[in-house]
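See structure below.
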Amino acid sequence: MDLEYDVAVVGGGHAGYEAAHASARMGCKTILLTMDVTRIGTLSCNPAIGGTAKGHLVKEIDALGGLMGYITDNVGIQFRLLNRSRGPAVWSPRAQVERSGYPLFTQLLLQSTQNLSVAEANVVDVRLQSGGIRGLVLESGDEIRCAAAVLTCGTFLNGVIHVGLHSEKAGRFGEKPASGITEALVALGLESGRLKTGTPPRIRRDTIDFSKCLRQDGDEKPEPFSARTRRLERRQVPCHLTHTSPETHEILKTGFDRSPMYTGRIKGTGPRYCPSIEDKISRFSDKDHHQIFLEPEGYDSIEYYVNGFSTSLPEDVQKQAIRTIPGLENVEILRPGYAVEYDFFPPYQIKLNMESKSIPGLFLAGQINGTSGYEEAGAQGLMAGINAALSVKTGGSFVLRRNEAYIGVLIDDLVNKSTLEPYRIFTSLAEYRLLLRYDNADLRLTERARALGLVSDEQFALLMRKVESMNTVRRWLATHHARPAEINDFLRRHGSSDLAEPEAFEKLIKRPEVSLEHVRLDLPNLLDEGIIECLDFGDVQREVNTTIKYEGYIQRQLEQVARFERLEAKHIPPAFPYGQIKSLSKEAREKLARVRPESVGQASRISGITPADISLLLVYLEKGEVAYSQEPA
Amino acid sequence: MSCHGGPLVTRHVLQCVLQAGARMAQPGEFTRIAFLNGRMDLSQVEAVADLIHAKTDAARRASSAQLMGRLADDVQALRIQLIDVCSLVEIELDFAEENLINIERARVCASLDKVSEEIERLLSTYNAGRILRDGVRVAIIGKPNVGKSSLLNALLKRERAIVSEIPGTTRDYIEEMLDIRGIPVVILDTAGLRHTHDHVENVGVGYARRLSEDCDLVLAVVDASTGLDNEDFETLRMLSASGTRPCVVVANKIDVGSKLDCPDVAGYPVVQVSARTGAGLEEMKDTVFETLCGGVSFEAPMISTLRHKLSLQQSMDSIRRARNSVVDGMSLEFAAIDIREASRALGEIVGEVTSDEVLDSIFANFCIGK
Chain A
1 MDLEYDVAVV GGGHAGYEAA HASARMGCKT ILLTMDVTRI GTLSCNPAIG
51 GTAKGHLVKE IDALGGLMGY ITDNVGIQFR LLNRSRGPAV WSPRAQVERS
101 GYPLFTQLLL QSTQNLSVAE ANVVDVRLQS GGIRGLVLES GDEIRCAAAV
151 LTCGTFLNGV IHVGLHSEKA GRFGEKPASG ITEALVALGL ESGRLKTGTP
201 PRIRRDTIDF SKCLRQDGDE KPEPFSARTR RLERRQVPCH LTHTSPETHE
251 ILKTGFDRSP MYTGRIKGTG PRYCPSIEDK ISRFSDKDHH QIFLEPEGYD
301 SIEYYVNGFS TSLPEDVQKQ AIRTIPGLEN VEILRPGYAV EYDFFPPYQI
351 KLNMESKSIP GLFLAGQING TSGYEEAGAQ GLMAGINAAL SVKTGGSFVL
401 RRNEAYIGVL IDDLVNKSTL EPYRIFTSLA EYRLLLRYDN ADLRLTERAR
451 ALGLVSDEQF ALLMRKVESM NTVRRWLATH HARPAEINDF LRRHGSSDLA
501 EPEAFEKLIK RPEVSLEHVR LDLPNLLDEG IIECLDFGDV QREVNTTIKY
551 EGYIQRQLEQ VARFERLEAK HIPPAFPYGQ IKSLSKEARE KLARVRPESV
601 GQASRISGIT PADISLLLVY LEKGEVAYSQ EPA
Chain B
1 MSCHGGPLVT RHVLQCVLQA GARMAQPGEF TRIAFLNGRM DLSQVEAVAD
51 LIHAKTDAAR RASSAQLMGR LADDVQALRI QLIDVCSLVE IELDFAEENL
101 INIERARVCA SLDKVSEEIE RLLSTYNAGR ILRDGVRVAI IGKPNVGKSS
151 LLNALLKRER AIVSEIPGTT RDYIEEMLDI RGIPVVILDT AGLRHTHDHV
201 ENVGVGYARR LSEDCDLVLA VVDASTGLDN EDFETLRMLS ASGTRPCVVV
251 ANKIDVGSKL DCPDVAGYPV VQVSARTGAG LEEMKDTVFE TLCGGVSFEA
301 PMISTLRHKL SLQQSMDSIR RARNSVVDGM SLEFAAIDIR EASRALGEIV
351 GEVTSDEVLD SIFANFCIGK
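So the sequence lines, in the order shown, correspond to chains A and B.
Residues 1 to 633, numbered by the numbering used here, are exactly what the first sequence covers, in order.
Residues 1 to 370, numbered by the numbering used here, are exactly what the second sequence covers, in order.
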């Protein structure tokens with residue numbers, strides 16, 4: 001094995017493969033080190049990618065040349081656009097995927113990536129040289145030399161899994177944990193913490209009575225995640241919905257005295273937003289049922305995934321309780337649910353480019369930063385890979401802001417909030433949600449990724465065509481008028497009022513009852529052939545419809561962004577002496593010194609920093625010293 | 001530091017301290033330190049300035065209530081209500097998959113209405129708040145010899161203006177300070193309105209006319225013992241022609257007789273007084289107060305600055321837009337944009353939201369207490 005690389009990535013999860021791929025694509029000699037190469041790209045939890053806000057992340061990863069969306073398109077077994085009944089900001093794609101297919105396809109893609117090697121090895125230590133990273137020490141004693149390293153260790157760092165009062169050291173069920181890295185980083189002065197997450201039982205498909213469940217099909221016209229997927233031709237299979245009952249809850253409660261959570265065996269903090277079923281019934285005791293999704297694990301898999309029933313209660317309690325769920329009366333559990341505890345590094349310790357604040361060249365991404373979810377991990381992996389490569393090549397960095405991408409929101413939140421529970425993305429975390437739509441991720445990001453060398457000519461050409469088509473359509477709609485005689489029938493049919501005078505199509509589309517889709521479907525004879533071609537290209541029609549219909553809102557959000565950017569533009573020097581501002585509270589001084597925000601805007605988002613602290617900071621920055629300590633003029 | 005009384009000693013001690021290296025606090029410096037240390041919010045800082053400049057006891061009470069954070073408390077309570085609505089909306093948006101909650105739109109509207117009612121109430125205090133802070137100018141207007149100067153003296157409870165039975169005694173105008181039910185009032189006694197060949201008196205009459213247009217309220221004095229004549233009507237016509245300025249008709253000399261017993265004339269309320277005996281003066285003050293600050297209690301938090309008013313209006317507009325989008329059946333993410341905006345606008349009042357504009361305005365106004 002070659003021992004010298006530009007970038008070394010530790011871990012083969014979603015952060016790991018995105019990081020390694022991005023770095024290699026950017027021309028860096030890259031190696032991905034993992035304990036088991038056959039597990040690269042494994043889905044540790046549910047067999048699904050995307051969902052509200054998470055789907056946005058996947059689209060952004062794709063727009064930046066990442067893999068997750070493309071893999072999903074190739075192994076998906078059900079595609080759905082969520083929240084269709086709501087507005088464009090919260091439409092979000094989600095797909096069920098083949099659990100066995102996902103890692104296989106991932107590994108295939110990595111194999112065909114230039115500049116990238118994959119190797120099986122346990123990393124046990126890091127080596128520094130003049131304060132920065134020099135290399136990684138393997139269990140074998142070899143040292144892999146690298147200019148930058150990306151750690152994406154997931155739940156494996158000193159992982160312990162719990163089922164009832166039984167616990168064992170493991171990163172995933174049946175897989176060894178990783179040890180040594182936490183200790184090495186702590187020895188270098190990094191702070192570690194402990195988190196917990198859980199997963200539900202897997203059950204046998206042929207023991208489920210689907211007739212008692214509600215069938216949920218995928219979309220009739222499924223949309224691919226990736227711009228690189230020309231046509232989605234995957235057969236779709238349904239999911240099924242059922243629910244727990246009061247009886248289920250009673251049985252679950254009988255196991256609480258053997259729960260690793262409630263008996264205090266688990267010390268790590270669990271995710272509030274992805275709670276275990278025992279958490280749900282104790283926190284929402286007024287609800288007598290909770291929704292359960294039965295998700296297929298593949299076309300031919302005998303396993304089903306019981307989404308919504310994450311638990312670490314003893315196996316006998318799991319078995320008894322699950323059988324009170326309609327449709328699961330005779331179900332057989334193939335593998336019980338479990339909780340996993342693992343080490344993480346509170347992410348105030350990284351910069352916005354994912355690099356450790358104290359160890360240059362060391363990048364951290366994924367669950368090691370305290371997040372949960374494949375999509376959150378993949379997004380960070382991609383950004384860490386990009387920035388690791390940049391640090392090696394040019395010394396620059398690539399940071400997305402909160403108004404540019406969900407990825408920006410995610411990383412900014414991690415660094416500034418440094419939450420003590422697993423972090424999950426939500427649309428409500430994005431202040432400029434309406435600007436960050438899933439279907440304009442390419443418009444927002446692809447050109448920037450192109451400049452980094454992450455996007456193929458083909459993907460870029462598609463973007464250019466989309467932009468041109470949108471412009472053509474918008475111009476046409478603004479300059480072409482519908483005459484009353486040719487359009488009033490149509491308007492009446494859609495419950496809208498008649499036209500007396502000709503009116504621009506653009507104005508008609510602003511009416512709540514009318515959409516560009518209606519016009520395209522009902523009135524093709526009023527449209528030029530060229531326009532129809534543009535409309536039918538990708539998601540041009542929807543994108544144009546959204547930008548016209550919600551112009552006022554989009555404009556207001558842009559104004560909010562302008563306001564936001566003013567404080568972002570106020571830079572704080574890296575060596576700013578917070579300790580010298582005596583009127584800052586001790587807490588504020590400590591927090592600011594710990595996070596070392598790059599701008600006043602970022603400082604204002606650090607949890608525990610008050611508006612008064614920010615005012616003070618602004619005064620100090622403006623005047624060079626605290627205003628009131630000046631001598632009178 | 002305690003020293004013997006007398007300004008000279010104190011001044012000398014101060015000089016010694018300054019020579020030893022101390023410096024005087026700059027105007028507003030302690031307030032600024034308090035603000036920067038998070039001990040005060042923006043509305044409290046503004047209250048300090050108001051308190052220092054308070055001219056009446058009611059104005060002092062209002063500004064010290066604001067200083068104690070009562071306005072801030074009210075505004076914060078409203079923000080919390082908005083944040084609650086927002087989280088309700090967000091739950092539906094972010095957990096739609098899980099079908100956790102399908103919120104009732106009526107509930108969102110009701111919550112928004114509650115907040116906008118409260119904002120409306122605060123907005124309605126702006127006029128009174130401003131009057132209380134800045135005071136008003138009240139002009140005493142009327143034809144000669146109806147007792148304008150007597151009225152001034154009666155209000156001031158001292159012989160400020162010369163009073164005689166000779167028409168045209170007051171030729172210049174007289175300006176005095178007065179507290180009417182807590183309102184700081186600059187009261188202006190003017191020359192009687194009449195056509196005269198006396199050059200000096202004519203200049204005074206010109207003043208009177210101009211002041212009647214240039215004040216916040218007019219006390220139109222008439223002689224109750226004789227009733228209204230053409231000259232009085234002409235005065236009232238002049239007043240109503242010159243705009244919507246509030247006016248109270250003061251029917252004076254009821255100790256002599258009262259031929260004017262209607263409750264209002266030309267749409268202006270009539271009060272019966274006797275400047276000589278003091279009868280009816282308290283009722284007159286009530287009427288003046290009602291006319292200026294009708295319905296507003298000085299005890300509840302009020303706003304007095306344009307900045308507050310604009311922020312509240314912005315917040316109202318956003319809430320209205322949010323409500324409309326909810327009623328129109330639009331997806332709730334749009335309401336969320338406006339609700340957040342409404343909350344941000346409220347936050348500006350107390351300085352919760354740090355934006356350049358707000359900070360600039362603070363520092364522009366920081367030299368308070370001069």
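For every residue, glycine included, the Cβ atom is placed at its ideal position computed from N, Cα and C.
Given a threshold of 16 other Cβ atoms within 10 Å of its Cβ, counted over all protein chains shown, does residue i qualify as buried or as exposed?
i: T10/B; result: exposed
i: T52/A; result: buried
i: F284/A; result: exposed
i: S149/B; result: buried
i: Q380/A; result: buried
i: S629/A; result: The predicted position of S629/A is uncertain, since its pLDDT is 42 and thus under 50; a value taken from the coordinates is nonetheless stated next. With fewer than 16 other Cβ atoms within 10 Å, it is exposed.
i: S615/A; result: buried
i: K143/B; result: buried
i: A20/A; result: buried
i: R306/B; result: The residue asked about is misnamed: residue 306/B is Leu in this sequence, not Arg. Exposed, since its Cβ has fewer than 16 Cβ neighbours within 10 Å.
i: S68/B; result: Reading off the sequence, residue 68/B comes out as Met, not Ser. Looking at its Cβ environment, which holds fewer than 16 other Cβ atoms inside 10 Å, M68/B is exposed.
i: R424/A; result: buried
i: L8/B; result: exposed
i: S2/B; result: exposed
i: F309/A; result: buried
i: I187/B; result: buried
i: T244/B; result: exposed
i: N83/A; result: buried
Residue i touches chain B at which residues, Cβ-Cβ below 8 Å?
i: Y553/A; result: F334, I337
i: A53/A; result: D94
i: Q557/A; result: I337
i: R202/A; result: Ordered by position in chain B, no residue passes the 8 Å Cβ test against R202/A, which lies about 20 Å from the chain.
So, under 8 Å CB-CB, residue i and residue j are touching, yes? Tell me the CB distance rounded to an integer number of Å.
i: Q96/A; j: G76/A; result: 7 Å
i: D189/B; j: L239/B; result: Incorrect: roughly 17 Å between the Cβ atoms, too far for contact.
i: V123/A; j: I181/A; result: 6 Å
i: P93/A; j: F225/A; result: 6 Å
i: L132/B; j: I183/B; result: 6 Å
i: Q459/A; j: A227/A; result: 5 Å
i: T42/A; j: V9/A; result: The Cβ separation is near 16 Å, so there is no contact.
i: I349/B; j: V75/B; result: 5 Å
Could you name the residues of chain B that residue i contacts, counting a contact when the two beta carbons are closer than 7 Å?
i: S428/A; result: E90, L93, D94
i: L443/A; result: Simply none; closest approach about 19 Å.
At a CB-CB cut-off below 9 Å, which residues of chain A make contact with residue i?
i: S331/B; result: N83, S85, R86, G87, P88, A89, V90
i: G428/B; result: Outside the displayed range of chain B (1 to 370) lies residue 428/B, so it cannot be described from this structure.
Output, in chain order, the set of chain A residues within a Cβ distance shorter than 8 Å of residue i.
i: D328/B; result: P512
Going along chain B in order, which residues have a C-beta closer than 9 Å to the C-beta of residue i?
i: V473/A; result: Under the 9 Å cutoff, chain B gives no residues; its nearest Cβ is about 23 Å from V473/A.
Residues of chain C with a CB under 9 Å from the CB of residue i: which are they?
i: L434/A; result: In the structure shown, chain C does not exist; the protein chains are A and B.
**Q.** At least 3 beta-carbon pairs within less than 8 Å: the region 78-91 of chain A vs the region 247-265 of chain A
**A.** no
Q: Could you name each continuous alpha helix (DSSP H) segment of 4 residues or more that falls completely within the region 99-152 of chain A, going from the start of the chain to the end?
A: 101-111
Q. Are the region 49-68 of chain B and the region 297-315 of chain B touching by the rule of at least three beta carbon pairs closer than 8 Å?
A. yes
Q | At least three beta-carbon pairs within less than 8 Å, the region 165-177 of chain B to the region 112-128 of chain B | A | no
Q. Are the region 566-581 of chain A and the region 490-505 of chain A touching by the rule of at least three beta carbon pairs closer than 8 Å?
A. no
Q: Kindly provide the ranges of any beta strand (DSSP E) runs that are 3 or more residues long and lie completely inside the region 284-360 of chain A, ordered along the chain.
A: 291-296, 303-307, 333-335, 338-344
Q. What are the start and end residues of each continuous alpha helix (DSSP H) run of 4 or more residues lying completely inside the region 388-419 of chain A, in chain order?
A. 406-417
Q. Three or more beta-carbon pairs under 8 Å between the region 129-145 of chain A and the region 61-74 of chain A, yes or no?
A. No: fewer than three Cβ pairs fall under 8 Å.
Q: Report the residue ranges of all beta strand (DSSP E) runs contained in full by the region 145-210 of chain A; include only those spanning at least 3 residues, in chain order.
A: 160-163, 166-169, 193-199, 202-204
Q | Whole runs of the beta strand (DSSP E) within the region 83-165 of chain B, excluding any shorter than 3 residues | A | 136-141
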